Each structure stands twice: as C-alpha cells, then as structure tokens.
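K.L.:
Each residue of the sequence shown is one higher than the one before, starting from -14 at the first, in the numbering used here.
Cβ coordinates follow ideal geometry from the N, Cα and C atoms, glycine included.
None of these values were measured; they are calculated from a predicted model.
Below is a structure I'd like to ask you about.
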Amino acid sequence: MDSLVGSCIGQYLVAEEIGRGGMGIVFRAVHQGIGQLAAVKVLSSRFADDASHLRRFENEARALSRVAHPGLVKIFDFGQTTRGEPYILMEYLEGELLRSRLARSKKLSLSEVLQIARQAASALAAVHKNGIVHRDVKPSNMMLVADDEAPGGERLKLLDFGIARFAGEGADLTAPGAVLGTALYMSPEQCAGESQVDGRADVYALERQTH
C-alpha cells in the first residue's frame, strides 16, 4: 500500500502514519476546516478482495457505530478511498496501551487494577447488551487515555472489534473449528473452536488479566 499521507478523505487531510498492523495502516488526519483530529484505519489493498478480511474490517465499524459508550471509540465515517481501499474514520486517541503500561510499571496498584477492570467490564456490558462478543479482550486491545470526567483522570478504551461476533447472524467467515483470539486470554470454548461463543468468553479474558 502506497502512503496516503498528503491525500484527503472527505474533509480530512491525512497527515502522518501512526501505526501499522497485519491488515492495514492507521493514520492521523486533520479536518481542513475546523482542525479536528481523527484516526483513519485503512485496510491493505491486498485484503480488499478477501471476504473474510473485509468482513472483519467491517465488523469493527459496525460494532463501534452500534454501541454508544465512553469506553468505545467513536466512528465518524466508513467507506473507500479514491484508490478503493476500505477505511474507518474514527476518534483520535492519545494515550497508552495497557500492554505498555504493564510492561513499564510491572505491577499496578490495587486501585488501578480495580478502576481498569471496572471500566473494561462496563464497556463489555454495553457491547454484550447489543448482542456483540469481542472475542479478543487483551492488554494490547485496551488504551488508557486522559479524561477529567473519569475517576483518577483516566479512561479505558476497548479497541479492535475485528473478530467480534454479532448475535443472530450466520456463521463466521472462518473454517469450522478454526480458533480466533489470543491463546493466553481465550476461554476453553474458544480454544476448542466452538462457533457459538458468547459474552462469557470476554468476561473470562478480562478475569485472566487480573492475575
């Protein structure tokens, strides 16, 4: 994928690349009229014609647009760039991944653990109420951002709904018995490749992180 830096997505000018993963790239963008910052997540063109990868990319936009909660990222737009690459335009976050916080601090205080767990549980309760199972709850999918309205001045944001499952929909675009998630935090039913995993799997993953 050639860089999108310098191009426009709607009224947003893509300013710089800020992250890269297996499926695509995240850019910081600036609204040309009001200066609002946004993040643009772009699916790599090599996956654009792959139904499974495209569905997982769309899942994130659908999940985040379906649920309004302070622990979830706000979605502004979803579409394709002029080059045909699917993108999600979303709230720009400045903070620290929980994975990085744990690596830096080694051990969190009891009050920090309780606050993080409570906020994560609140976000999960909201998505579960809307029939969504995250299926990949882990420290690298949680970010701590400054928020004066939150206890302790920090707010946890739950990220990456790429492998989320939606209640009432057909089977995943995944081979039967395939394992989705991160082994260290997966519930027994996820490890077994069961297709009808529910919200209890997310609760199990969250509980694993408190040890």
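Identify every run of the alpha helix (DSSP H) within the stretch 51 to 127, keeping only runs that are complete inside it and at least 4 residues long; order them along the chain.
P.N.:
With a minimum length of 4 residues, the continuous alpha helix (DSSP H) runs that stay inside the stretch 51 to 127 are 83 to 90, 95 to 114.
K.L.:
Ala190 to Ala105, Cα distance in whole Å?
P.N.:
Cα to Cα, the separation comes out at about 11 Å.
K.L.:
Taking its Cβ as the centre, do 16 or more other Cβ atoms sit within 10 Å of Leu204, making it buried, or is it exposed?
P.N.:
Because the chain spans -14 through 196 in this model, residue 204 falls outside it and cannot be assessed.
K.L.:
Can you check DSSP and say which residues form a bridge with Ile(-6)?
P.N.:
Ile(-6) pairs with Tyr(-3).
K.L.:
Whole-angstrom Cβ separation of Leu143 and Asn126, contact assumed at under 8 Å?
P.N.:
Correct: roughly 7 Å between the Cβ atoms.
K.L.:
Go through its chain and collect everything with a Cβ distance to Phe32's Cβ below 8 Å, but skip five positions before and after it.
P.N.:
For Phe32, where only same-chain residues beyond five positions count, the Cβ hits under 8 Å are Met8, Gly9, His38, Leu39, Phe42.
K.L.:
I'd like to know if the stretch 81 to 100 and the stretch 43 to 53 are in contact, where contact means that at least 3 CB-CB pairs between them fall below 8 Å.
P.N.:
No, because fewer than three Cβ pairs between the stretch 81 to 100 and the stretch 43 to 53 fall closer than 8 Å, the two stretches do not touch.
K.L.:
Can you tell me whether Glu2 is helix, strand or coil according to DSSP?
P.N.:
Reduced to three states, the DSSP call for Glu2 is strand.
K.L.:
Decide yes or no for the touch test of the stretch 73 to 83 against the stretch 173 to 182: beta carbon pairs closer than 8 Å, at least 3 of them.
P.N.:
The stretch 73 to 83 is not in contact with the stretch 173 to 182.
K.L.:
Nearest CA to the CA of Gln194: which residue from Gly178, Gly(-9), Thr167, Ser(-8)?
P.N.:
For Gln194, the nearest C-alpha among the options comes from Thr167.
K.L.:
Provide the residue(s) that pair with Gly9 in DSSP beta bridges, ordered along the chain.
P.N.:
Its beta-bridge partners are Leu28.
K.L.:
If we ignore side chains and look at the alpha-carbon of each, how far apart do Gly80 and Asp34 end up?
P.N.:
For Gly80 and Asp34, the distance between alpha carbons rounds to 33 Å.
K.L.:
Any idea what DSSP makes of Val182, helix, strand or coil?
P.N.:
Three-state DSSP puts Val182 in coil, outside helix and strand.
K.L.:
Taking all protein chains shown into account, do 16 or more other C-beta atoms lie within 10 angstroms of the C-beta of Ala186, making it buried, or fewer, making it exposed?
P.N.:
Burial call: buried.
K.L.:
Can you say whether Arg140 is buried or exposed, counting buried as having 16 or more other CB atoms within 10 angstroms of its CB?
P.N.:
Buried is the call here.
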